[in-house]
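Report on the following structure.
Protein chains: 2
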Amino acid sequence: MLKLSKLTDYGTLLMTTLAAAPESVRNAQELATETHVSAPTVAKLLKLLVRGGLVESTRGAHGGYRLARAPEKITVAEVVRALEGPIALTACSVHGGGCGIEESCAARVNWRVINDAVKQALEGVTLAEMAAPLRSLLRTRTAIQPPPLNEFPLTRF
Amino acid sequence: MLKLSKLTDYGTLLMTTLAAAPESVRNAQELATETHVSAPTVAKLLKLLVRGGLVESTRGAHGGYRLARAPEKITVAEVVRALEGPIALTACSVHGGGCGIEESCAARVNWRVINDAVKQALEGVTLAEMAAPLRSLLRTRTAIQPPPLNEFPLTRF
DNA sequence: TATAATCGGGACTAAATCGGTCTGATATGG
DNA sequence: CCATATCAGACCGATTTAGTCCCGATTATA
Ligand code: SF4
Ligand code: SF4
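Those protein sequences? They're chains R and C, same order as listed. For the record, in the first sequence the residue sitting at position 150 is 150 according to the working numbering, with numbers rising by one throughout. For the record, in the second sequence the residue sitting at position 110 is 267 according to the working numbering, with numbers rising by one throughout.
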């Protein structure tokens, strides 16, 4: 459904929760009860987010998790990328996607443009804005810009 | 991966192909060879598109398919909707999505705004533009507008 | 140092979805 | 009436997703 996977959805909720108190260190269990997401799932997500460099962990007793950067410096796009790889609406928008009919596809070039639009929409929203809801998002939405012309795919289409 | 299903992808390709010659009537087999998509899949897609009101079919000998409306009047968003239902990034952005933690979700309101942004991006692209690649898309991308304020969800967040 | 708390990595299963195929009914043109 | 071609739907295998569990590594603290 052009939809986010549920894991990614929960992941952003998790990050938003972390962003609400960026300094404090909380463990997986605490975050689970705060977000109402099941504990094992939270743990799994946090692992992925750590690996993606968005969250710092401290091990051992009294350990826990904390944002790796200031909430203003983390975009929703990064969260999505950490959890489910590059943002690619179509198979061909990531290199070597292996669609098979790329050569003859009339829609490919335009999908790429649409893909970029979506990507930039996600990149324009920071965790700080997610945590402090919606006022600032209004600005963000109009900030979507066309890419410079020379960035366009040099295809033989 | 925040990705389109392959069926939807092929569906837009199919529609783009139809839009390239909006007048002519072609049958499923012809469209399959033109798009390089397997024939049964094309047939399945066309059924869905007919049901969605985007394509007209004529049955019997010399039957085939044709766009129901002018290419300028059909948006990519409609194609996506016909093939995979309402555009909903998160489970809660469609009514009765049944997320379960909606009450306590800090991210919900903002996801809704992002969802609207993506939706409008898709609504801003017509099949005519897909068929005549990319020049006109540049305009479209900047045309994304914030919704009127009173359209915002009235939540107790 | 011993112990408890906590993360890290990965394997694993169940369920849902997706992509694709097939068959029979139905409608049209000749 | 027959050949052609869409229509509707069931159907299935493959893949992906969601969720759980286990065990080894690491650290604070008593
Ligand atoms: S080449 Fe065309 S069909 Fe293949 S993934 Fe890209 S847009 Fe889709
Ligand atoms: S309520 Fe929150 S967690 Fe549930 S679907 Fe909406 S955004 Fe996702």
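Ideal placement from N, C-alpha and C gives every residue a C-beta, glycine not left out. All values derive from a computational prediction rather than experimental measurement.
For this session: Answer yes if the segment 17-32 of chain R comes into contact with the segment 121-134 of chain R, meaning at least three C-beta pairs across the two stretches below 8 Å, and no otherwise.
Result: Yes, since at least three Cβ pairs between the segment 121-134 of chain R and the segment 17-32 of chain R fall closer than 8 Å, the two stretches touch.
Exercise. Does the count of Cβ pairs from the segment 234-241 of chain C and the segment 201-208 of chain C closer than 8 Å reach three?
Worked result: Because the criterion of three Cβ pairs below 8 Å is met, the segment 234-241 of chain C and the segment 201-208 of chain C touch.
Exercise. Alpha carbon to alpha carbon, how far is Leu280(C) from Gly60(R)?
Worked result: Locating residue 280(C) in the second sequence gives position 123, counting from the first residue. Locating residue 60(R) in the first sequence gives position 60, counting from the first residue. The sequence given here places Glu at residue 280(C); Leu does not occur at that position. Distance between the alpha carbons of Glu280(C) and Gly60(R): 50 Å.
Problem set entry | Presumed contact (8 Å Cβ cut-off) between Thr75(R) and Asn115(R), rounded CB distance | As a working mapping, residue 75(R) is identified with position 75 in the first sequence. As a working mapping, residue 115(R) is identified with position 115 in the first sequence. Not confirmed; about 16 Å, so no contact.
Exercise. Would you report the Cα separation of Leu171(C) and Thr215(C), rounded to the nearest angstrom?
Worked result: Within the second sequence, the letter at position 14 stands for residue 171(C). Within the second sequence, the letter at position 58 stands for residue 215(C). Approximately 17 Å, taken between the alpha carbons.
For this session: Quick one: grab the DSSP three-state call for Val25(R).
Result: Stepping through the first sequence from its first residue, residue 25(R) is reached at position 25. Assigned with DSSP and collapsed to three states, Val25(R) falls in coil, not helix or strand.
Exercise. When we look at the beta-carbon of Thr33(R) and count the other beta-carbons within 10 Å, is it buried (16 or more) or exposed?
Worked result: Position 33 of the first sequence, counting from 1, holds the residue named residue 33(R). The residue in question, Thr33(R), is exposed, as its Cβ has fewer than 16 Cβ neighbours within 10 Å.
Exercise. For chain C, is any of its Cβ atoms less than 8 Å away from the one on His62(R)?
Worked result: As a working note, residue 62(R) is residue 62 in the first sequence. So no, His62(R) is outside the interface.
Exercise. So Thr16(R) is in the alpha helix (DSSP H); what residue range does that whole segment cover?
Worked result: On the first sequence, position 16 is the one that residue 16(R) refers to. Run containing Thr16(R): 6-20, per the alpha helix (DSSP H) assignment.
Exercise. Around the C-beta of Gln29(R), are 16 or more other C-beta atoms found within 10 angstroms, so that it is buried, or is it exposed?
Worked result: Taking the first sequence and counting its residues from 1, one reaches residue 29(R) at position 29. Per the 10 Å Cβ criterion, exposed.
Exercise. Under a three-way DSSP split, which group does Val212(C) fall into?
Worked result: Sequence index remark: in the second sequence, residue 212(C) carries index 55 (1-based). Residue state, collapsed to three classes: strand.
Problem set entry | Closer than 9 Å at the beta carbon, the chain R residues around Thr283(C) | Position 126 of the second sequence, counted from the first residue, corresponds to residue 283(C). By Cβ distance, chain R contributes nothing, its closest Cβ being about 11 Å from Thr283(C), past 9 Å.
Problem set entry | Thr41(R) and Tyr10(R) closer than 8 Å at C-beta | Within the first sequence, numbered from 1, the residue matching residue 41(R) stands at position 41. Within the first sequence, numbered from 1, the residue matching residue 10(R) stands at position 10. In this structure, Thr41(R) lies near Tyr10(R), with their beta-carbon atoms less than 8 Å apart.
Exercise. Beta carbon of Ile74(R): closer than 7 Å to some heavy atom of ligand 2?
Worked result: Translated into the one-based positions of the first sequence, residue 74(R) becomes position 74. Ile74(R) Cβ: outside cutoff for every heavy atom of ligand 2.
Exercise. Where does the unbroken beta strand (DSSP E) through Leu246(C) begin, and where does it stop?
Worked result: The residue you call residue 246(C) lines up with position 89 of the second sequence. Per DSSP, Leu246(C) belongs to no beta strand (DSSP E) and is neither H nor E.
Exercise. Under 8 Å between C-beta atoms, does Thr90(R) make it to chain C?
Worked result: Looking up residue 90(R) in the first sequence gives position 90. Chain C has a Cβ within less than 8 Å of the Cβ of Thr90(R).
Exercise. Got a sec: is the Cβ-Cβ distance from Ser104(R) to anything in chain C below 8 Å?
Worked result: Position 104 of the first sequence, counted from the start, is the residue given in the question as residue 104(R). Closer than 8 Å to some Cβ of chain C, the Cβ of Ser104(R) qualifies, so yes.
Problem set entry | Whole-number beta carbon distance between Ala107(R) and Thr169(C), since they are thought to touch under 8 Å | Translated into positions along the second sequence, residue 169(C) becomes position 12. Translated into positions along the first sequence, residue 107(R) becomes position 107. Confirmed, Cβ separation roughly 5 Å.
For this session: For Leu170(C), verify whether its CB is less than 7 Å away from any heavy atom of ligand 1.
Result: Locating residue 170(C) in the second sequence gives position 13, where the first residue counts as 1. Yes - ligand 1 has a heavy atom lying nearer than 7 Å to the Cβ of Leu170(C).
Exercise. Of all Cβ atoms in chain C, is any one closer than 8 Å to the Cβ of Leu49(R)?
Worked result: Translated into the one-based positions of the first sequence, residue 49(R) becomes position 49. Among the residues facing chain C, Leu49(R) is not included, as its CB has no counterpart in that chain under 8 Å away.
Exercise. Cβ of Ile87(R) within 7 Å of any heavy atom in ligand 1?
Worked result: Looking up residue 87(R) in the first sequence gives position 87. Remark: the C-beta of Ile87(R) is outside contact range of ligand 1, defined as less than 7 Å to any heavy atom.
Exercise. Taking DSSP as the reference, what is the three-state secondary structure of Leu67(R)?
Worked result: Taking the first residue of the first sequence as position 1, residue 67(R) is located at position 67. Looking at Leu67(R) - three-state DSSP - the assignment turns out to be strand.
For this session: Count the other C-beta atoms from every protein chain shown that fall within 10 angstroms of the C-beta of Pro305(C), then say buried if there are 16 or more, exposed otherwise.
Result: Translated into the one-based positions of the second sequence, residue 305(C) becomes position 148. Summary for Pro305(C): the model assigns pLDDT 35, below 50, so the residue's position carries little reliability, and this model does not support an answer.
Problem set entry | Per DSSP, cross-strand counterpart(s) of Thr75(R) | Walking along the first sequence from the start, residue 75(R) turns up at place 75. According to DSSP, Thr75(R) bridges with Thr126(R).
Exercise. Are Leu7(R) and Leu45(R) touching if we call contact CB-CB under 8 Å?
Worked result: As a first step, residue 7(R) is located in the first sequence; it is residue number 7 there, counting from the start. As a first step, residue 45(R) is located in the first sequence; it is residue number 45 there, counting from the start. The answer is yes: Cβ separation under 8 Å.
Exercise. I think Ala39(R) touches Val55(R), with their Cβ atoms under 8 Å apart; what is that distance to the nearest whole Å?
Worked result: If you number the first sequence from 1, residue 39(R) lands on position 39. If you number the first sequence from 1, residue 55(R) lands on position 55. Not confirmed; about 16 Å, so no contact.
For this session: Could you tell me if the beta carbon of Ala131(R) falls within a distance shorter than 7 Å of some heavy atom in ligand 2?
Result: Numbered from 1 along the first sequence, position 131 holds the residue referred to as residue 131(R). Taking 7 Å as the cut-off, the C-beta of Ala131(R) does not count as close to any heavy atom of ligand 2.
Exercise. Is the closest heavy atom of ligand 1 to the C-beta of Glu102(R) under 7 Å?
Worked result: As a working mapping, residue 102(R) is identified with position 102 in the first sequence. Yes; taking the cut-off as 7 Å, the Cβ of Glu102(R) has a heavy atom of ligand 1 nearer than that.
Exercise. What does a CB cutoff of less than 6 Å around Ala245(C) pick up in its chain, not counting 5 residues either side in sequence?
Worked result: Counting from 1 along the second sequence, the entry for residue 245(C) is found at position 88. Answer for Ala245(C): Val251, listed in chain order.
For this session: Can you say whether Ala227(C) is buried or exposed, counting buried as having 16 or more other CB atoms within 10 angstroms of its CB?
Result: Against the second sequence, residue 227(C) aligns to sequence position 70. By the 10 Å Cβ count, Ala227(C) comes out exposed.
Problem set entry | Expected contact under 8 Å - CB spacing of His62(R) and Ser261(C) to nearest Å | Position 62 of the first sequence holds residue 62(R). Position 104 of the second sequence holds residue 261(C). The beta-carbon separation of His62(R) and Ser261(C), rounded to 26 Å, does not stay under the 8 Å limit for a contact.
Exercise. What's the C-alpha gap between Thr173(C) and Ala274(C)?
Worked result: Residue 173(C) sits at position 16 when you count from the first residue of the second sequence. Residue 274(C) sits at position 117 when you count from the first residue of the second sequence. About 23 Å.
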